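Undergrad:
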Amino acid sequence: MTHEQRQELLESLLAKQKAGALKPRDRFDIPPQDMPEQDAAVRRRNVHEVALGYTETQARLEAMRCLQCKTAPCVRGCPVRIRIPDFVAAIAEGQYGRALDIIKENSLLPAVCGRVCPQEVQCQETCTVGLRFKDVSKAVSIGRLERFVADLGHNGAAAPAVAPPTGKKIAIVGSGPGGIVAAADTRRAGHDVTVFEAFHKPGGVMVYGIPEFRLPKAIVHDEIETLKTMGVRIVPNFIVGRTRTIEQLMTEDGFDAVYIGVGAGLPSFMGIEGESLVGVYSANEYLTRANLMKAYSFGSGADTPIAVSRRVAVVGGGNVAMDAARTAVRLGAEKVYLIYRRTEKEMPARVEEVHHAQQEGIEFHLLQSPIRIVGDENSRATAIECLRYELGEPDDSGRRRPVAIAGSEFRIDIDTVIIAIGNQANPLIRQTTLSLEFNKWGNLVVDENCRTTMPGVYAGGDIVLGAATVILAMGQGRIAAAAINSDLADEPQ
Amino acid sequence: MAHRIAGKKELGPDVFWARIEAPLIAKARQPGQFIILSINNDYSERIPLTIAGADPSDGTIELIWQRVGKTTAELADLAEGDEIANISGPLGTPTHIANFASVICVGGGIGAAPLLPIATALKSAGNRVVSILGFRSKDRLILEEEFARISDELIVTTDDGSYARKALVTEPLAEVCGRDPKPGHAFIIGPTIMMKFCCGVTRKFDVPTQVSLNTIMIDGTGMCGGCRVEVDGKPKFVCVDGPEFDGHRVNFDLMIKRMNAYKPQEQQAHEQYEQHRCRIGLDE
Ligand SMILES: Cc1cc2nc3c(=O)[nH]c(=O)nc-3n(C[C@H](O)[C@H](O)[C@H](O)COP(=O)(O)OP(=O)(O)OC[C@H]3O[C@@H](n4cnc5c(N)ncnc54)[C@H](O)[C@@H]3O)c2cc1C
Ligand SMILES: Cc1cc2nc3c(=O)[nH]c(=O)nc-3n(C[C@H](O)[C@H](O)[C@H](O)COP(=O)(O)OP(=O)(O)OC[C@H]3O[C@@H](n4cnc5c(N)ncnc54)[C@H](O)[C@@H]3O)c2cc1C
Ligand code: SF4
Ligand code: FES
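Those protein sequence lines, which keep their order, are chains E and X.
So that you can map any letter, position 225 of the first sequence is 237 in the working numbering, and since no number is skipped, the others follow by simple counting.
So that you can map any letter, position 284 of the second sequence is 271 in the working numbering, and since no number is skipped, the others follow by simple counting.
(1) Nearest to LEU11(X) by alpha carbon, out of THR58(X), ASP146(X), PRO77(X) and VAL93(X)?
(2) Within 8 Å, do at least three Cβ pairs link the segment 60 to 73 of chain E to the segment 223 to 238 of chain E?
(3) When DSSP builds the beta bridges, which residues end up paired with GLY95(X)?
(4) In chain order, what residues of the same chain lie with their CB nearer than 7 Å to the CB of ASP425(E), ignoring the 5 residues before and after it?
(5) Taking all protein chains shown into account, decide if PRO168(X) is buried (16 or more other Cβ within 10 angstroms of its Cβ) or exposed.
(6) Check each residue of the segment 289 to 304 of chain E: if its Cβ is closer than 7 Å to any Cβ of chain X, include it; give the result in chain order.
(7) Check for me: the alpha helix (DSSP H) holding LYS28(E) runs from which residue to which?
(8) Establish whether the CB of PRO222(X) and some CB of chain E are separated by less than 8 Å.
(9) Taking its Cβ as the centre, do 16 or more other Cβ atoms sit within 10 Å of PHE422(E), making it buried, or is it exposed?
(10) From the DSSP output, which residues share a beta bridge with VAL143(X)?
(11) Near ALA85(X), which residues of its chain fall below 7 Å by C-beta distance, leaving aside the five closest residues on each side in sequence?
(12) Is there a Cβ of chain E sitting closer than 8 Å to that of VAL143(X), yes or no?
(13) Straight-line CA distance for TYR108(E) to GLU235(E)?
(14) Leaving out the 5 sequence neighbours to the left and right, which residues in its chain are closer than 6 Å to ILE103(E) when beta-carbon positions are compared?
(15) Which same chain residues end up closer than 6 Å to ASP98(E) when comparing Cβ atoms and leaving out the 5 residues on each side of it in sequence?
(16) Apart from the five residues on each side of it in sequence, which residues of its chain come closer than 7 Å, Cβ to Cβ, to SER312(E)?
(17) For ligand 4, is there a heavy atom less than 7 Å away from the beta-carbon of ILE205(X)?
(18) So what's ASP233(X) in DSSP terms, helix, strand or just coil?
(19) Exposed or buried, what is ALA106(X) when buried is set at 16 or more other beta-carbons lying within 10 Å of its beta-carbon?
(20) Within 8 Å of any Cβ in chain E, is that where the Cβ of ALA15(X) sits?
(21) Using a beta-carbon distance cut-off of less than 9 Å, what residues from the segment 210 to 235 of chain E approach chain A?
(22) Looking at the secondary structure, which residues open and close the beta strand (DSSP E) in which LYS(-5)(X) lies?
(23) Compute the distance between the beta-carbons of GLN232(X) and MET182(X), then report whether it is under 8 Å.
(24) Tell me, which residues are paired with THR428(E) by DSSP?
(25) Can you tell me whether SER447(E) is helix, strand or coil according to DSSP?
(26) Run down chain X in chain order and give the residues with a C-beta less than 7 Å from the C-beta of GLU287(E).
(27) Using a Cβ-Cβ distance under 8 Å, would ARG256(E) count as near chain X?
(28) On a Cα-Cα basis, can you pick out the residue from PHE40(E), PRO189(E), PRO91(E) and ASP46(E) that is closest to GLN80(E)?
(29) Tell me which residues share the same chain as THR257(E) and place their Cβ nearer than 8 Å to its Cβ, disregarding the 5 neighbours each side in the sequence.
(30) Answer with buried or exposed for THR465(E), where buried requires no fewer than 16 other C-beta atoms within 10 angstroms of its C-beta.
(31) Shorter than 8 Å from the beta carbon of SER24(E) to some beta carbon of chain X?
(32) What does VAL227(X) reach in chain E if we use C-beta pairs closer than 9 Å?
(33) Just to check my reading of the structure: LEU73(E) and GLN45(E) have Cβ atoms closer than 8 Å, yes? What is that Cβ distance to the nearest angstrom?
(34) Are the CB atoms of PHE122(X) and GLY98(X) within a distance shorter than 8 Å?
(35) Note down the Cα distance separating ILE51(X) from ALA41(X), rounded to an integer number of angstroms.
(36) With a cut-off of 8 Å, do at least 3 Cβ pairs link the segment 260 to 277 of chain E to the segment 424 to 438 of chain E?
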């Protein structure tokens, strides 16, 4: 569809609507709007954002596909219960500012969530339009619409108002999405808020994990600036547990409440032979080198080196694996293989990222799993040995479990292996804060209000949920902040 | 939050000392811990350096480093009053200081710097401290006086015999380990290859040995796994599980190979920096 055709369609739909003659049929007939993207061949060689964002016409057309269901099944699919039909209707009417205000009632980071939420298993999974076409990819593109208004509103958005000082001090540990939301919400209530971040740059996984081509760093930077404008103090290079312990913050430094949002930092390895060879990375290391220290511009301003890889195997099937594989492509690898134990259907990554990865030439090796990494006499990785799997009988959950095929070993020649099979909880807070209760996986135990077992200490995000999502971390940041605000208000002065 | 350099001097060729403002770290640090710094901005490399000493009353820490590559060279070019953008710490698990009756402390080259606070703490804990310091040559000698002050016995060696005893540190180490009674514990810090051979000696004499590993690091908080080493055949993260480990269980050969992984790029960065430095006339 050309721009003119879209414009024409939109005008005729609006006219029909004005005349009160717009039927659900007409809405079903509107073609789902594709996201404009950089061409795969071009984007393989740059780090700019892949998805370029809807035009205004596209956004309004897509918004008009929404049926305004009374029951709003989409809202039930949204972890933070954004009033989706209302903001979508506002877009259809061309009222973008209002649409953004509606989203911001429930989500503080729409420009981020519009880009990285797994909508196809949240709001879009339950959308009536998708169900009617029996195809979730034909649901209303709620995420793209969210992104559209967030990007428009970005420059003009004023920082939220702050209540008069309460005299209470809040420490936020970690500046990921949960920490950012907890900081904003407690600051709005008038508390004196300080964010402590271990890294030299705030933003958490959104800056050192998720790559620029999926989430431009400028967006996260703007959110941090908004916090600063609100009067939140951000202290980088401060490792809670080492620089100061949580006890010290509370007893010596006068903090009345602490939110722990330190994420799930510790990369898991597979425990197979050869994982310590040179050229074997955790995805965290690979992505951090590439993102945070701009290793992709090594030799032109950035100092942190990254291996020059020609043939790369990435192990895993989640967002982290896709990001690592696609980063390897951009750093100049000739061949990138993605090795995953199950099939594409089970991949936990966002569908859009899986498609993008395929378009960028990443070769999927499904139903395969590495059994060892082979090295040369200098301990450099040279090959990865895998075993083939087939889908066996369905297990109790109804999923067919992959079963190894005996004798199916084979080798792929590689020079780099990136392991992206998940993260465990970082033990630092646990080791240094003995009065906190953790579960057997090392995650913090909290109640439904995100209160930990230590008075005055709250927690949320990946350190509580295990590796989860941006929106879930944000949601918990908000719940914790509400609990902090109400607990402190109840406290005698 | 920049950190001002309160004092700086050259200890020998390519070895530098600085006192740097970092009040919180000065207060929290314990022997065996380190910091990670990056000099300028987001693009600078982050490098780990051991905290060689600290004064909580004036809020400064001491670093001693050897110029080996781009970042250590840049650091060496800073002067008193200049600032370092980012310092985080103290990182790592503090050394387990106890009374072992007698200990042997071995420092190779720049390794003497991280060893000093540990040896000092061991002395205060009531140990008889025998120190061995090894250097390539006389002009590389550092911290002799400081070690003499806190050691009950100090043996200095040079590879070329230009000062004190001509030997590698393994030689006096074997002698000390062979004494009766033998040392209760050994603490060894230096080049990886030196630690490997020293561990060979102490293993032979069955002296429990602590080494401090200096792998490549990125975040220093357990996030990346780049610092991992094999201990007892299992991956361990130097930044959170270490930097100190039982030297008899470390796979040094693998560690040495991993540390060479970025050699070509490191060389490139360093050469570019040196060229740039010459152009702007830093090297008269
Ligand atoms: C490569 C990658 C891709 C992803 N893609 C997606 C996606 O597409 N969609 C999605 O929804 N989710 C995605 N996720 C997951 C998502 O990023 C996380 O679930 C989310 O960021 C968790 O937020 P958090 O608030 O727990 O904090 P995190 O973002 O984990 O940040 C924690 C922060 O705390 C800091 N910290 C840690 N320890 C300390 C300490 N002791 N003192 C001070 N600070 C400390 C850390 O440096 C970090 O900045 C991805 C994750 C990765 C790694
Ligand atoms: C816990 C710890 C404590 C240390 N304490 C001291 C100290 O007190 N004094 C001192 O002089 N040195 C110390 N080091 C080593 C120091 O970090 C490296 O010499 C420094 O990173 C080199 O950086 P460069 O850019 O100058 O050199 P590069 O050109 O980057 O490298 C030169 C050499 O340094 C090693 N190296 C490179 N990058 C890193 C990195 N990120 N981390 C560790 N090693 C690296 C390389 O293997 C290479 O052999 C310590 C290392 C660790 C891990
Ligand atoms: S479920 Fe779909 S069609 Fe229904 S209101 Fe939500 S977005 Fe609109
Ligand atoms: S330096 Fe990253 S895990 Fe140790």
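Note that CB positions come from ideal geometry on N, CA and C, so glycine has one too.
Note that the structure is a prediction, hence the values are computed from the model and not measured.
TA: The structure says:
(1) Comparing Cα-Cα distances from LEU11(X) to each of THR58(X), ASP146(X), PRO77(X) and VAL93(X), the minimum goes to PRO77(X).
(2) Touching, yes, given that three or more Cβ pairs across the two stretches are closer than 8 Å.
(3) GLY95(X) pairs with GLY121(X).
(4) Cβ within range, chain order: ARG323, THR394 and ALA395.
(5) If you draw a 10 Å sphere on the C-beta of PRO168(X), you find fewer than 16 other C-beta atoms in it, and that means exposed.
(6) Answer set for the segment 289 to 304 of chain E: VAL290, SER294, ASN296, GLU297, THR300 and ARG301.
(7) Annotation for LYS28(E): the continuous alpha helix (DSSP H) segment containing it runs 15 to 30.
(8) Put simply, the CB of PRO222(X) is near chain E, with a gap under 8 Å to one of its CB atoms.
(9) Exposed, since its Cβ has fewer than 16 Cβ neighbours within 10 Å.
(10) DSSP lists LEU120(X) as partners of VAL143(X).
(11) The answer, listed in chain order, is ALA112.
(12) No, VAL143(X) does not count as interfacial toward chain E.
(13) Rounded to whole angstroms, the separation of the alpha carbons of GLU235(E) and TYR108(E) is 19 Å.
(14) Same-chain partners within the cutoff: ALA71, ALA75, ALA111 and LEU157.
(15) Once the five neighbours on either side are set aside, the close Cβ partners of ASP98(E) are ILE114.
(16) Model confidence at SER312(E) stands at a pLDDT of 48, short of 50, so the residue's coordinates are unreliable; what they give is reported in the following sentence. If we look at SER312(E) and ignore the five residues flanking it on each side, it has no Cβ neighbours.
(17) Result yes, Cβ under 7 Å from ligand 4.
(18) It is a strand residue.
(19) Per the 10 Å Cβ criterion, buried.
(20) At a cut-off of 8 Å, the C-beta of ALA15(X) has a neighbouring C-beta in chain E.
(21) No chain A appears in the structure shown, which is made up of the protein chains E and X.
(22) Run containing LYS(-5)(X): -10 to -1, per the beta strand (DSSP E) assignment.
(23) Here residue 232(X) is Phe; the residue named in the question, Gln, does not match the sequence. Contact: no.
(24) THR428(E) pairs with VAL324(E).
(25) Residue state, collapsed to three classes: coil.
(26) Within 7 Å Cβ-Cβ: PRO222.
(27) ARG256(E) counts as touching chain X.
(28) Out of PHE40(E), PRO189(E), PRO91(E) and ASP46(E), the CA that lies nearest to the CA of GLN80(E) is found in PHE40(E).
(29) Correct list, in chain order: THR444 and THR445.
(30) Within 10 angstroms of the beta-carbon of THR465(E) lie fewer than 16 other beta-carbons, which makes it exposed.
(31) Not an interface residue.
(32) Within 9 Å Cβ-Cβ: LEU278, ASN438, PRO439, LEU440 and GLN443.
(33) So it is a contact: roughly 6 Å between Cβ atoms.
(34) No, the Cβ-Cβ distance between GLY98(X) and PHE122(X) is not below 8 Å.
(35) C-alpha separation (whole angstroms): 12 Å.
(36) Here the segment 260 to 277 of chain E lies against the segment 424 to 438 of chain E, with 3 or more beta-carbon pairs under 8 Å apart.
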